[in-house]
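I have placed the structure first, in the form of C-alpha cells, so that the comments after it can refer back to it.
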Amino acid sequence: MFRRSRRNAEDKKEKVHRPSRATRLFVVLRKLKKSEMAIAGLGIVSFMSMVALLAPIIAPYAPEWKGIARQAPSMEHFFGTDNLGRDMLTLIMHGARISIYVGVASVLIEVVIGLSVGMAAGYFGGIIDEILMRIADVIFTLPTLMMLLLAVSMFQVRGIHIIILVIGGLGWPFLARVVRSEYLSFREETYVEAAKSMGATSWRIMVRHILPNILSVVIVIATMDIPWAILYEATLTFLGFGDPASSSWGVLLQRGEEHLRTSWWIMTFPGVALLITSLGFNLLGDGLRDALDIKLRE
Amino acid sequence: MKPPTNGAVLRINDLKTYYYIAEGVVKAIDRVSMKINEEEALGIVGESGCGKSTLAHSILRLIRKPGKIVGGEIWFEGENLLRKSEGEMRKIRGSKIAMVFQNPTSSLNPVFTIGSQIAEAIKLHQNVQKHEMKEKVIDILGKVGIASPSQRMKDYPHEYSGGMCQRAMMAMALSCNPKLLIADEPTTNLDVTIQAQILDLVRILRKEFNASILLIGHDFGVMSELCDRIVVMYSGKVVESADLKTIFEGAKHPYTNALLESIPRINVEKDRLHVIPGDVPELIKPPPGCRFHPRCEQATEACGKEEPAIIEIEKGHEVACLLYN
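First to last, the sequence lines map onto chains S and L. Numbering (the numbering used here) for the first sequence: 1 to 298. Numbering (the numbering used here) for the second sequence: 1 to 325.
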C-alpha cells in the first residue's frame, strides 16, 4: 500500500549530548539550595543530629556531674545549672539524643505500618481497602493526645520504647491514606499493566514498580512527622506519662516547671531546643516537598 | 480434553468477556472464535470500542474488574488458559505470550533505567547471572535496533524518543523468546516514519524469534504491511476473517467493505471519502439481529431479527452476514 522509507532517522541520533548524570540526591540538594528556609532547616537538623551523636564527646560536663544548684547562665555554665546542680547545656545535649531518637524511631514505625496498609488498600482495593481504611479512620478521628495517654497508661512499665511504639502505632493513618491514594492512581499506569503482562507478581509490582515512584511523598511526610513525634513524646513526658528514667527534653521541661518562677533557664533552654529542632524538621520537610515537587496538604 | 491444534498456536473458542457496570452488562467480547497459526501474523481490525483490546487482555487473563471472562476456551500449547491458576498464568505471561502496548512512553517506568527494566523482565522468567545479564540486555537492545546499546541502556525512559521506547518495549517482550507476541496498536502514537520503522522491526524480529504475532489495530495500512490474515471485528463479534489478499480484493461483509472504502487510495479519484453512517452501537444494548444492520446499506428486514452465524464461504474465508447464509 504505502511505500515507506526505511532510513532509521532516530538511530542517527547516536551521539547525543549527554550531561554527566548527577545522582538523584545531588539534584534534590541543588533544588533545596534555592530555598533559604530549606537550607536553614537542613542546617538545623544536621546541627542537632551532630550534637546528639557527639554529645558524650562535646558536652562540657558529664551528665551526672554536679555543682552548685540553680546557677544562672554564666561563662562556666552557658545555660545555667538545674535544681541538682547539673549543667543544663550538657543535659540538653544528651536530651537531644533521646528526643531525636524517639522522633526518628517512631516515624520509622509509622512508615512501616502506613506504607504497608496504604499499599495493600490502594493496590488491592475492594474489601481489603474498606477494612484497612475504616481502621485508619477510627484512629484518625480520635484526638491523638487522648489516644496516646490512654495507650501509654495501658502499659505498666513506661520505657521509652513503649512510647515510641505507641506514637508510631497511632501515627500512621495519614501516611496510609496518602500512600493509598498514590497506589490507586499508579496501579492504572500502563507500565504496571506492562509489568503484569510480563508475569510480575502483585508483590513485585507493589514494591519494585510502584514504591520507587512514591518514595518522595513518603520521605516528605516522614520528615514532617518527626517533629510531631518529638513533641508528642515531650508532651506525654511533661504530663507525667513519660519515662522518668530517660533524660529527654520532655523530662527536662517537666522538672524545670516547678522552678520556673525562680530559675527560668531550667525550663527555657530545653524548650528552645525543642522549638528549634521542630522548626528545623518542618522547614526541611517543606523544602523537600518543593524540591521533590509534590503536592500535599495545602 | 485435548483440543484440535493442527498448527494453531492459539485457538479461541466462543470467548465471552463481559463488563458488569452500573448501567448493565457490556458484552465486549461476545462468542468470539479465532485461531492463530504457527508463525503467522494475524491482524484484528475494528473501530474503537469493538473489543479488540479486551480480546488481547482476555488472552493474557489481564481483564480487570468490573470485567470478567464469562465463557469460552483459550487453547494454548494444548492447555486451556482459562482453567489455569493465577500463578500458572503468571509463568506464561512474558515468557510464552508477551504483549506490547499502544503507549510506548507510558509503558516504561519513569524511575528506572531502560536497561534495568529489561533486566527485570528477563529476571522474571530466567535464571541469569548478574555478569551475564548486562551482556544479555545489550544484546537484545542491539537486536531491536537501539544504537550504542551499552550506553543507551543507562538512560531513563524520558531520554528516549517514542519510537525508541517502543523498541525497548519490544526488547522486553522478546527477551524471553515468546511463542506469541500480542501487539495492541503498537504504532498508534508514533509518527508515520517511526511507524514504518517499528513495523519493519516487527517483521525482522518475527523471522528471528519465530514468534506468531497478533496485531491489533484500526489501520488497514499498518495491517497490510505485516499480516498474513485479517479478522474484522464489529461490536464484540467477528464479522469476517480471511487472508490478507482476500480481504482487500474480495471482502464479502458489508462492514469490511465499508471500512475499506473509508481508506483514502492513491490510485482512485474520489471527491469525498466514504463514511460509515451512525455510531458504534452501545454494547449494553446492542441492536437485535445483526449488530451492524442499523448502519448497513444492504440491510434487509431479516437483518434486524435474525443473528447471522459465521460460516465459511470458501476455504479460509469466514463471514457472518445473512447475505451469504
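Cβ atoms here follow ideal geometry from the backbone N, Cα and C, with glycine treated the same way.
Against chain S, does residue i count as a neighbour if the rule is that its beta carbon must be under 7 Å from one of theirs?
i, result
"PHE76(L)", "no"
"PHE101(L)", "yes"
"ARG90(L)", "yes"
"ASN189(L)", "no"
"ARG206(L)", "no"
"GLY94(L)", "yes"
"VAL111(L)", "yes"
Run the CB neighbour count on residue i, radius 10 Å, all protein chains shown included, and call it buried at 16 or more, exposed below.
i, result
"LYS179(L)", "buried"
"THR300(L)", "exposed"
"ARG158(S)", "buried"
"HIS293(L)", "buried"
"SER235(L)", "buried"
"PHE155(S)", "exposed"
"ARG21(S)", "Below a pLDDT of 50, predicted positions are generally treated as unreliable, and ARG21(S), at 49, falls in that range; the measurement from the model is reported next regardless. Label assigned to ARG21(S): exposed."
"HIS253(L)", "buried"
"GLU65(S)", "This sequence places Trp at residue 65(S); Glu is not what is there. Classification for TRP65(S): exposed."
"ILE97(L)", "buried"
"ARG134(S)", "exposed"
"GLN102(L)", "buried"
"VAL26(L)", "buried"
"ASP184(L)", "buried"
"PHE269(S)", "buried"
"THR81(S)", "buried"
"PRO66(L)", "exposed"
"THR90(S)", "buried"
What does residue i touch in chain S if you count any residue whose Cβ is under 7 Å from its own?
i, result
"HIS125(L)", "GLY199"
"ARG121(L)", "It should be pointed out that residue 121(L) corresponds to Ala in this sequence rather than to Arg. Under the 7 Å cutoff, chain S gives MET198."
Is residue i close to chain L? Criterion is C-beta to C-beta, closer than 7 Å.
i, result
"ASN213(S)", "yes"
"HIS77(S)", "no"
"TYR191(S)", "yes"
"MET1(S)", "Low confidence applies to MET1(S): its pLDDT is 32, below 50, so where it sits in the model is not reliable enough to give any reading."
Sort the options by Cα distance to residue i and report the nearest one.
i, options, result
"VAL9(L)", "ASP271(L), ASP219(L), LEU181(L), ILE276(L)", "LEU181(L)"
"LEU115(S)", "TYR101(S), GLY168(S), PHE241(S)", "GLY168(S)"
"LEU260(S)", "THR237(S), GLU64(S), ALA72(S)", "ALA72(S)"
"PRO308(L)", "ALA147(L), ALA320(L), PRO281(L)", "ALA320(L)"
"ARG90(L)", "ASP219(L), HIS125(L), PHE76(L)", "HIS125(L)"
"ARG70(S)", "ALA62(S), ARG86(S), ALA59(S)", "ARG86(S)"
"LEU141(S)", "ILE127(S), PRO173(S), HIS161(S), GLY126(S)", "The question names Leu, yet the displayed sequence has Thr at residue 141(S). Nearest of ILE127(S), PRO173(S), HIS161(S), GLY126(S) to THR141(S), Cα basis: PRO173(S)."
"GLU38(L)", "GLU47(L), ARG11(L), VAL32(L)", "ARG11(L)"
"TYR158(L)", "GLN197(L), THR105(L), GLN298(L)", "Per the sequence presented here, residue 158(L) reads as His, with Tyr not at that position. Comparing Cα-Cα distances from HIS158(L) to each of GLN197(L), THR105(L), GLN298(L), the minimum goes to THR105(L)."
"LYS245(L)", "ASP228(L), VAL232(L), VAL238(L)", "ASP228(L)"
"ILE57(S)", "GLU76(S), ARG97(S), MET37(S)", "ARG97(S)"
"ALA119(L)", "GLU73(L), GLU77(L), LEU174(L)", "LEU174(L)"
"MET34(L)", "ALA171(L), ILE310(L), ASN177(L), PRO264(L)", "ILE310(L)"
"LEU275(S)", "THR90(S), ILE230(S), PRO244(S), SER246(S)", "ILE230(S)"
"ASP293(S)", "TRP265(S), SER248(S), LEU215(S), SER278(S)", "LEU215(S)"
"SER153(S)", "ALA245(S), MET198(S), GLY171(S), LEU239(S)", "LEU239(S)"
"ILE138(L)", "SER161(L), CYS50(L), PRO149(L)", "PRO149(L)"
"ALA28(L)", "ILE21(L), ILE36(L), LYS16(L), ALA22(L)", "LYS16(L)"
"LEU42(S)", "VAL51(S), LEU53(S), LEU29(S)", "LEU29(S)"
Report the neighbours of residue i on chain L: residues whose CB is nearer than 8 Å to its CB, in chain order.
i, result
"ALA194(S)", "MET99, PHE101, SER107, LEU108, MET169, MET172"
"HIS209(S)", "ASN109"
Starting from residue i, find everything on chain S with Cβ-Cβ shorter than 9 Å and list it in chain order.
i, result
"LEU62(L)", "GLU193, LYS196, SER197"
Worksheet item: Do the stretch 103-122 of chain L and the stretch 146-166 of chain L make contact, defined as three or more Cβ pairs closer than 8 Å?
Response: yes
Worksheet item: Any chance the stretch 193-210 of chain S sits against the stretch 268-284 of chain S, with 3 or more Cβ pairs inside 8 Å?
Response: no
Worksheet entry | Given 8 Å, three or more beta-carbon pairs between the stretch 113-127 of chain S and the stretch 183-199 of chain S | yes
Fill in: Cβ pair count under 8 Å reaching 3, the stretch 48-66 of chain L against the stretch 251-260 of chain L
no
Discussion item. Can you confirm whether the stretch 27-47 of chain L touches the stretch 201-212 of chain L when touching is taken to mean that 3 or more C-beta pairs between the two stretches lie within less than 8 Å?
Written reply: yes
Worksheet item: Can you find at least 3 beta carbon pairs, one from the stretch 309-319 of chain L and one from the stretch 55-75 of chain L, that sit closer than 8 Å?
Response: no
Worksheet item: Should the stretch 139-146 of chain L be called in touch with the stretch 219-228 of chain S, which here means at least 3 C-beta pairs below 8 Å?
Response: no
Worksheet entry | Touching by the beta-carbon criterion (3+ pairs, under 8 Å), the stretch 189-201 of chain S and the stretch 60-76 of chain L | yes
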